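Trainee: I have a structure I would like to understand better, so I am pasting it below and will then ask my questions one at a time.
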Amino acid sequence: MLWIPGPTHVRPELLALCARPMFGHRGPVMRETIERLDPGLRLAFGLAPASTAHVAVHSVSATAMMESSLIGAGPRILSLVNGAFSRRWHQIAAALGKRTQILEVPWGEVVPSTALERALGEQGPFDAVTVVASETSTGAATPLAPLGEVLSAYPQTLLLVDVVSWIAGAPVDFDAQHLDFAFAGVQKALALPPGISVLCASERYMERCRAQEHRGYALDPERIITGHALRKTPATPAIPQYVALAQQLEDISAGVTLPESAGHLSGSDAWAARFAKHERMRARTHGWAAGHGLPSFPAEQHASPTVSCLRANELDVAGLLAGLAQRGFEISNGYGALKGETFRIGHMGDHTEEGLEELLSAADEVLAGLPAAGH
Ligand SMILES: *Cc1c(COP(=O)(O)O)cnc(C)c1O
Numbered sequence: 001m002l003w004i005p006g007p008t009h010v011r012p013e014l015l016a017l018c019a020r021p022m023f024g025h026r027g028p029v030m031r032e033t034i035e036r037l038d039p040g041l042r043l044a045f046g047l048a049p050a051s052t053a054h055v056a057v058h059s060v061s062a063t064a065m066m067e068s069s070l071i072g073a074g075p076r077i078l079s080l081v082n083g084a085f086s087r088r089w090h091q092i093a094a095a096l097g098k099r100t101q102i103l104e105v106p107w108g109e110v111v112p113s114t115a116l117e118r119a120l121g122e123q124g125p126f127d128a129v130t131v132v133a134s135e136t137s138t139g140a141a142t143p144l145a146p147l148g149e150v151l152s153a154y155p156q157t158l159l160l161v162d163v164v165s166w167i168a169g170a171p172v173d174f175d176a177q178h179l180d181f182a183f184a185g186v187q188k189a190l191a192l193p194p195g196i197s198v199l200c201a202s203e204r205y206m207e208r209c210r211a212q213e214h215r216g217y218a219l220d221p222e223r224i225i226t227g228h229a230l231r232k233t234p235a236t237p238a239i240p241q242y243v244a245l246a247q248q249l250e251d252i253s254a255g256v257t258l259p260e261s262a263g264h265l266s267g268s269d270a271w272a273a274r275f276a277k278h279e280r281m282r283a284r285t286h287g288w289a290a291g292h293g294l295p296s297f298p299a300e301q302h303a304s305p306t307v308s309c310l311r312a313n314e315l316d317v318a319g320l321l322a323g324l325a326q327r328g329f330e331i332s333n334g335y336g337a338l339k340g341e342t343f344r345i346g347h348m349g350d351h352t353e354e355g356l357e358e359l360l361s362a363a364d365e366v367l368a369g370l371p372a373a374g375h
């Protein structure tokens, strides 16, 4: 069983949908499939019924959406960096020839809104600020509301947010938090096979985007979003993932993925219950780890509800991973320079709390047999 922070475990029912015969992407079945996506996507991005924001889907990885989001944003980009994915987004901005500035804090921390305010005042103006909601490399979740508040005094600066290991695991409040562009791959808390991304853009972003020359073709946000509204894709889409996404969004909205006690919920209540499940799984994972002397890498108040990054201290991480693999469970080592110093458990998507108990008792067994298990 996969407990890594992406790709995540996919329910067999959804995998089976992906094995269905193909159909033409210019025909009525594709149109109907795309039409089924919008109600669930609007719930996933937290859009009010009257919101003017646009949702869409594109057949690319989240990394390609990092690039796409910047194409429509203008030339002056401020990147908030606190881990590997936020750094990658900054590198993409530089590779696109943007005039980039970086506002960086040590891995595991989050960029405070006061630092953003200072950077905007001292180094601005900027066309856009990029921020990663849940840094999957460090397990740190950045509070977006205070950043959005600071930015409300800078109407020319767009807020672009990577919600990859966040969406469908925790609430995205696109309108209330003044986001202008948000995107995610579906292989994290949406618990689907990789290959497509979901996105949401404000009307303000769309206006800015239309004013940019040379937006390319395959990643042009205008082409992607207008195409989606017309139920068309710019190129052949990843048809199996579209079908599975349509089902998954409907299942989440119908309470299908919830514990039995909450299975009667539907609509935004069902989504809220899914978020609450992730909160409980984080609390359980952190409680278990604390019992073994393994503290959270980010400060507790910034720990992501979907991925726990835990300090290994004296623990032999490779030994833990190998012992779990023997018992049929896969978790992740630390990312990059954090390898061996931390390890990560992706408790997101359609994982259940009963499943988490199985993982943790297997981990207890492994730890009992390791030299520096902390007890
Ligand atoms: C996984 C991940 C990405 C990259 O997603 P790809 O689909 O592999 O491009 C980007 N940002 C975050 C926060 C992620 O967790």
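Note that this note's numbering gives residue 300 to position 300 of the sequence shown, counting from 1, and the numbers run on in steps of one. Note that CB positions come from ideal geometry on N, CA and C, so glycine has one too. For clarity, every value in this text was computed on a predicted model and none was experimentally measured.
Is the stretch 7–21 touching the stretch 344–358, taking contact as three or more C-beta pairs under 8 Å?
Mentor: Contact holds: three or more Cβ-Cβ distances are below 8 Å.
Trainee: Would you mind reading off the limits of the beta strand (DSSP E) that contains residue 101?
Mentor: Looking at the DSSP string, the run of the beta strand (DSSP E) that includes residue 101 is 99–104.
Trainee: Does the beta-carbon distance from residue 2 to residue 207 come in below 8 Å?
Mentor: Cβ atoms of residue 2 and residue 207: not closer than 8 Å.
Trainee: When you compare the CB positions of residue 170 and residue 305, do they come within less than 8 Å of one another, or not?
Mentor: Yes, Cβ-Cβ distance for residue 170 and residue 305 is below 8 Å.
Trainee: Is any heavy atom of ligand 1 found at a distance shorter than 7 Å from the C-beta of residue 135?
Mentor: Indeed, a heavy atom of ligand 1 lies less than 7 Å from the Cβ.
Trainee: Pick helix, strand or coil for residue 225, following the three-state DSSP scheme.
Mentor: In this structure, residue 225 counts as helix in the three-state DSSP scheme.
Trainee: Between which two residues does the beta strand (DSSP E) containing residue 77 stretch?
Mentor: Residues 76–81.
Trainee: Check whether the Cβ of residue 79 lies closer than 7 Å to any heavy atom of ligand 2, and answer yes or no.
Mentor: Only ligand 1 can be found as ligands here, which leaves ligand 2 out of the picture.
Trainee: Residue 269 by DSSP, collapsed to three states: which one?
Mentor: Residue 269 falls in the helix class under three-state DSSP.
Trainee: Are there three or more Cβ pairs, one per stretch, closer than 8 Å when the stretch 265–274 is compared with the stretch 97–107?
Mentor: As far as the Cβ criterion goes, the stretch 265–274 does not touch the stretch 97–107, which means the pair count is below three.
Trainee: Using only the heavy atoms of ligand 1, determine whether one of them is closer than 7 Å to the beta carbon of residue 143.
Mentor: No.
Trainee: With respect to the alpha helix (DSSP H) encompassing residue 126, which residues constitute its N-terminal and C-terminal limits?
Mentor: Per DSSP, residue 126 belongs to no alpha helix (DSSP H) and is neither H nor E.
Trainee: Under the three-state reduction of DSSP, which class applies to residue 149: helix, strand or coil?
Mentor: If DSSP states are grouped into helix, strand and coil, residue 149 belongs with the helices.
Trainee: Mind the definition here: the stretch 144–159 touches the stretch 252–267 only if three or more C-beta pairs lie below 8 Å; say whether that holds.
Mentor: No: the two stretches stay apart, fewer than three of their Cβ pairs being nearer than 8 Å.
Trainee: Can you find the residues in the same chain that come closer than 8 Å, C-beta to C-beta, to residue 96, ignoring five residues on each side of it along the sequence?
Mentor: If we look at residue 96 and ignore the five residues flanking it on each side, its Cβ neighbours are 67, 70 and 71.
Trainee: From residue 373 to residue 30, what does the alpha carbon distance come to, in whole angstroms?
Mentor: Residue placement at residue 373 cannot be trusted, given a pLDDT of 47 that sits under 50; what the coordinates show is reported in the next sentence. Distance between the alpha carbons of residue 373 and residue 30: 52 Å.
Trainee: Just grab the DSSP bridge partners of residue 137 for me.
Mentor: Answer is none; residue 137 lacks a bridge partner.
Trainee: Is the Cβ-Cβ distance between residue 274 and residue 308 less than 8 Å?
Mentor: Contact flag unset, no.
Trainee: Identify which residue in 58, 131 and 213 has its Cα closest to the Cα of residue 41.
Mentor: Among 58, 131 and 213, the Cα nearest to that of residue 41 is on 58.
Trainee: Residue 225 to residue 139, Cα distance in whole Å?
Mentor: Those two C-alpha atoms are separated by around 31 Å.
Trainee: Is the beta carbon of residue 349 within less than 7 Å of some heavy atom of ligand 1?
Mentor: No, since every heavy atom of ligand 1 falls outside the 7 Å radius drawn around the Cβ of residue 349.
Trainee: Exposed or buried, what is residue 15 when buried is set at 16 or more other beta-carbons lying within 10 Å of its beta-carbon?
Mentor: Looking at its Cβ environment, which holds fewer than 16 other Cβ atoms inside 10 Å, residue 15 is exposed.
Trainee: Taking Cβ positions, are residue 185 and residue 61 nearer each other than 8 Å?
Mentor: Taking 8 Å as the Cβ cut-off, residue 185 and residue 61 qualify as a contacting pair.
Trainee: Kindly list the residues whose CB is nearer than 8 Å to the CB of residue 109, restricted to its own chain and excluding five residues on each side of it in sequence; keep chain order.
Mentor: Once the five neighbours on either side are set aside, the close Cβ partners of residue 109 are 82, 140, 298, 299 and 302.
Trainee: Ligand 1 and residue 140: does any heavy atom of the ligand fall closer than 7 Å to the residue's C-beta?
Mentor: No, the beta carbon of residue 140 sits no closer than 7 Å to any heavy atom of ligand 1.
Trainee: According to DSSP, is residue 277 helix, strand or coil?
Mentor: Note: residue 277 maps to helix in three-state DSSP.
Trainee: Give me the Cα-Cα distance between residue 336 and residue 342, rounded to the nearest whole angstrom.
Mentor: So the alpha carbons of these two residues sit roughly 10 Å apart.
Trainee: Indicate the three-state DSSP secondary structure (helix, strand or coil) for residue 18 in the structure shown.
Mentor: Here residue 18 sits in helix by DSSP.
Trainee: Within the continuous alpha helix (DSSP H) that includes residue 63, where are the two ends?
Mentor: That run of the alpha helix (DSSP H) goes 62–71.
Trainee: Quick one: is residue 45 buried, meaning 16 or more other Cβ sit within 10 Å of its Cβ, or exposed?
Mentor: Per the 10 Å Cβ criterion, buried.
Trainee: In angstroms, rounded to a whole number, what distance separates the CA positions of residue 18 and residue 113?
Mentor: Each residue's Cα considered, the two are about 42 Å apart.
Trainee: Rounded to the nearest angstrom, what separates residue 322 and residue 180 at their Cα positions?
Mentor: Rounded to the nearest angstrom, the two C-alpha atoms are 43 Å apart.
Trainee: Does the Cβ of residue 281 have 16 or more other Cβ atoms within 10 Å, making it buried, or fewer, making it exposed?
Mentor: Result: buried.
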